[in-house]
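Chains as they are written, first to last, in our numbering: chain A, 1 to 379; chain B, 380 to 758.
Next up, the structure:
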C-alpha cells in the first residue's frame with residue numbers, strides 16, 4: 001500500500017445519527033425506526049458548487065469501506081479500492097466520493113444487532129423488516145447532512161444497483177446520473193428460492209435460538225456459513241468455477257473414501273463460509289436478503305415503464321455476460337423501460353466469465369466505461 | 380388406480396441377500412461389505428431365452444418401487460409408473476422389468492442406517508464409502524441371482540444414468556443396450572459444490588451428532604430439509620420456476636414484513652423439505668452424494684474415448700434442454716466418445732422446460748423414443 005501512489009490512503013469510517021425520538025423515520029412496513037446511525041466514508045473534496053458528489057452503494061455483504069486502508073499496517077483495502085483514487089474511475093482528484101452503509105446491516109449502521117435504546121438490549125428479531133426503499137430514505141438524510149442537494153452520480157452493483165434504481169426513481173431531482181450494475185428491478189424466483197434456503201439454513205442452526213442468540217452468548221455460525229457457501233456458488237459462473245477448480249482434488253491424488261475435504265472447490269467454499277462468519281451477523285443476513293427479495297419496481301408502479309416515467313438522470317446500465325443471478329436480460333428490462341420513456345441511457349454487457357461477482361473485480365472495460373461516463377456527466 | 384388397465388397393479392418389493400461372511404464384497408475403497416441386501420422389484424415375465432430383461436436404475440432419492448402400488452388403497456404409484464406397464468414404453472407384456480435399489484441407500488438395501496451384524500448397531504459413519512461402481516457390482520449379483528446373463532437394456536436418469544454408463548463400460552457383455560438419460564460421465568464442479576453445501580447443512584444440524592443420531596434417538600431433520608430444498612432448486616429450471624411460481628405471494632396480496640412464508644416458491648420448497656425428511660435418511664444423503672461426486676470415467680480411464688472402447692451395447696443418450704445440472708453438453712460428451720469408437724449411438728435433446736427433473740415427468744417425445752428404441756433392440 002505505501003507504494004500505491006493512487007490510493008486514497010488512510011481512511012476512517014464516519015457515523016451520522018438522526019431520527020432521534022420523537023422524529024423516528026417511518027418505514028415501508030408502517031413501523032418507525034430511530035435513532036438511526038449510518039456508517040459512511042468519504043474520499044476527495046466536495047467542490048464549492050457541491051456538484052461533484054458520487055454516492056457508491058454496496059451489495060449484500062458490503063460496507064462503507066469502499067477504498068483505502070484503516071492504517072499503514074492494514075493488510076486489506078476497501079472492497080472497490082481499484083475503482084476509487086487519484087486517476088481511477090471514481091477519481092478523487094475530481095469527485096467527492098461517499099459510500100454509505102445500509103440500515104439493517106451489521107457494519108456500523110443501525111441493524112438487528114444494534115442496541116434498542118428502549119430496552120438496552122439488541123433488537124434481534126424485534127428489529128423492523130426494512131426495504132431497499134427504507135435504506136435509500138435513510139441515505140437521503142445523510143446526503144442532506146453533507147449539504148448536497150443533487151448527487152452527480154449514484155452507482156452500485158447487485159443490491160447496490162437496486163438502491164441506485166430506487167434513488168433515481170424516488171428522488172429524481174437529486175440524481176444527475178445513475179449507474180446500476182449487475183442488478184434487476186425485481187429478483188427472479190430462483191434468486192428468492194436460494195435466499196430462502198439460506199435463511200432456512202440459519203433458522204436450522206440450534207444456536208440461532210429464534211433470533212435471540214446474542215442474549216445467549218452464542219452465534220449460529222454453522223448455519224450462516226452454509227448460507228454463505230450456497231450464495232457464493234450463485235455469485236460465480238460454472239465456467240469460472242471450472243477454470244478455477246475443475247474436479248481438482250486438494251493436496252491428494254486419490255480419493256480418500258471419507259467425508260473430509262477432498263475437492264478444491266470444497267476447500268474454497270469452506271474458506272468462504274469461515275471468513276464470512278467472522279465478519280457478518282446472521283440476523284442481518286435474514287433482514288438484508290428479505291429486503292432484496294421484496295424489491296420490485298413492477299409491484300410498486302404497475303409497470304416498469306411507469307416506474308421510470310419521472311426519472312431525471314442520465315443512465316448507464318452495466319451487466320456481465322456470465323451473471324446468472326442478475327442476468328443481462330434483467331438488466332435489459334431496465335434499459336427498455338428507460339428507452340420507452342425516452343430517457344438517456346447507455347447499456348453495456350461486459351464479456352466476463354466471473355459471474356455475478358464480476359462487478360467487484362478489476363476489468364479494464366468496466367473501468368474505462370465508468371470513467372468516461374462520469375467525465376461526460378461532470379462536463 | 381383400479382381403473383388403470385395398463386398399470387402393473389399391485390406390486391411387492393423383494394429382497395436379495397448375498398456376500399455373507401466370509402465372502403464379503405470388495406469395494407473400490409479397499410474395504411469389504413457384507414452381508415449385502417438389495418431391495419428390488421420386478422414386473423412382467425422373463426422369457427425362456429432370458430433375453431427380455433430390462434434393468435431400471437434410480438436417481439439419488441429414488442428406490443426400487445418404480446411402478447404399481449403396494450395395495451389397492453395406496454395413494455401413490457411408483458416413481459416412473461407412467462413408463463412401466465402394458466403398452467407403455469417399458470412394456471410389461473413384452474419385457475421383464477427389474478428395478479434395483481442401490482447399496483448405501485435407505486430404501487431397503489444395505490446402507491449406513493442398516494444394522495451392522497458385527498456390532499448389532501447401525502453402521503452410521505462406520506459404513507464404508509461406496510461408489511457408483513460398487514452399486515453396480517452389487518447389482519450384478521442380483522442379476523446373476525435372477526438367472527440373467529445379458530440384460531436387454533439398462534436405463535436410468537441422473538445417478539441412474541451414471542449406473543447405466545458403469546454397467547455398459549464395466550460389464551460390456553452383459554448389456555445389449557443402454558439408455559443413459561440426463562446424466563454425465565463426471566459431475567461438474569458446480570454440482571460438486573451444491574452437494575458439498577448440502578452435506579454441510581446436514582453436518583451443521585446439532586441433531587446430526589457426527590453421524591451417530593440413530594443411537595441418540597434423534598434425526599437431523601432441519602439440516603436434511605435444507606439439503607433437499609437446495610437440491611430441488613437445481614432440479615428445476617429458472618423458466619419452470621418462473622412459470623410455476625413467479626414472484627407470486629402465498630395467500631396474501633401484500634408483503635407481511637416478517638419472516639413467515641411469503642412467496643409461493645418458499646412454500647413449495649418447505650413442502651419439498653418436509654416431505655423428504657419423512658422418507659429419507661441424512662447419512663444416506665451424505666453417502667449417495669459422495670458416490671455421485673466420485674463418479675468420473677475420465678479419472679478411471681484417462682480419456683472418455685478409452686472408457687468406451689470395449690462397450691458392446693447399442694446406446695440411446697437422452698438429455699433435456701433446460702437441465703443445467705446435467706447439461707446437454709455433458710450428455711454429448713458421451714455421444715462423442717461413443718462415435719469416436721464407432722459404437723452405435725443415437726442422441727436426442729428433448730425440448731423440455733422442466734430442468735433436470737424432466738426425465739421423471741410424462742413426455743410424449745421421451746416415451747415414444749424409448750418405446751421405439753426398445754422395440755428395435757428386442758427385434
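Where a beta carbon is used, it is the ideal one built from N, C-alpha and C, also for glycine.
Check                                                                                                                         : Outcome
Bridge-paired residues (DSSP) for residue 85(A)                                                                               : 91(A)
Straight-line gap, residue 1(A) to residue 363(A) (C-alpha atoms, nearest Å)                                                  : Unreliable positioning characterises residue 1(A) in this predicted model, as indicated by a pLDDT of 46, which lies under 50. The coordinate reading is nonetheless provided below. If you take the alpha carbons of residue 1(A) and residue 363(A), they lie about 20 Å apart.
Contact under 8 Å by Cβ, residue 39(A) with residue 15(A)                                                                     : yes
Residues that residue 573(B) contacts on chain A, provided the C-beta gap is smaller than 7 Å                                 : 233
Residue 483(B) at chain A interface by Cβ criterion, 8 Å                                                                      : no
Completely contained alpha helix (DSSP H) runs for the stretch 104-185 of chain A, where each covers 4 or more residues       : 132-145, 159-170
Inter-stretch contact (C-beta, 8 Å, three-pair minimum) for the stretch 656-664 of chain B and the stretch 584-599 of chain B : yes
Inter-residue CB distance, residue 143(A) and residue 55(A) (contact presumed, cutoff 8 Å)                                    : 7 Å
Bounding residues of the beta strand (DSSP E) (the contiguous stretch that carries residue 434(B))                            : 432-436
Closest Cα partner of residue 540(B) within the set 751(B), 726(B), 697(B)                                                    : 697(B)
Rounded Cβ spacing between residue 733(B) and residue 580(B) (contact assumed at less than 8 Å)                               : In fact, because the Cβ distance is near 25 Å, the residues do not count as touching under 8 Å.
Three-pair Cβ contact test at 8 Å for the stretch 461-474 of chain B versus the stretch 357-373 of chain A                    : no
Alpha helix (DSSP H) runs wholly inside the stretch 669-733 of chain B, at least 4 long, in chain order                       : 676-680, 683-686, 707-719
Length at least 4, wholly inside the stretch 594-634 of chain B: the alpha helix (DSSP H) runs in chain order                 : 600-614, 617-623
Any C-beta of chain B under 8 Å from that of residue 205(A)                                                                   : yes
Chain B contacts made by the stretch 254-286 of chain A, where a contact means CB separation under 7 Å                        : 255, 257, 258, 259, 263, 265, 266, 269, 286
Nearest neighbour of residue 558(B), chosen from 633(B), 585(B), 458(B), 437(B) [CA to CA]                                    : 437(B)
Residues from the stretch 28-42 of chain A in contact with chain B, defined by Cβ distance under 8 Å                          : 28, 29, 30, 31
Three-state secondary structure (DSSP) of residue 364(A)                                                                      : helix
Min CB distance residue 732(B) to chain A below 8 Å                                                                           : no
Under 8 Å (Cβ pairs) to chain A, residues found in the stretch 589-601 of chain B                                             : 601
CB contact check: residue 200(A) to chain B, cutoff 8 Å                                                                       : yes
Interfacial residues, the stretch 237-254 of chain A to chain B, with Cβ spacing under 7 Å                                    : 238, 241, 242, 245, 246, 247
Alpha-carbon to alpha-carbon, residue 137(A) and residue 612(B)                                                               : 34 Å
DSSP three-state assignment for residue 450(B), whether helix, strand or coil                                                 : coil
Backbone secondary structure at residue 646(B) - three-state DSSP                                                             : helix
Option nearest residue 409(B) by Cα separation, candidates 255(A), 270(A), 48(A), 173(A)                                      : 255(A)
Three CB pairs or more closer than 8 Å across the stretch 560-568 of chain B and the stretch 457-468 of chain B               : no
Anticipated Cβ contact below 8 Å, residue 699(B) with residue 674(B), distance rounded                                        : In fact, because the Cβ distance is near 19 Å, the residues do not count as touching under 8 Å.
Residue-chain proximity (residue 567(B), chain A), Cβ-Cβ < 8 Å                                                                : yes
Check whether residue 146(A) and residue 174(A) have beta carbons under 8 Å apart                                             : no
Within chain A, partners of residue 541(B) - CB distance below 9 Å                                                            : Under the 9 Å cutoff, chain A gives no residues; its nearest Cβ is about 14 Å from residue 541(B).
For residue 638(B) and residue 203(A), the rounded distance between their alpha carbons                                       : 10 Å
Neighbour list for residue 296(A) in chain B, Cβ cutoff strictly below 7 Å                                                    : 626
Any chain B beta carbon closer than 8 Å to residue 136(A)                                                                     : no
CB contact flag (residue 194(A), residue 231(A), <8 Å)                                                                        : yes
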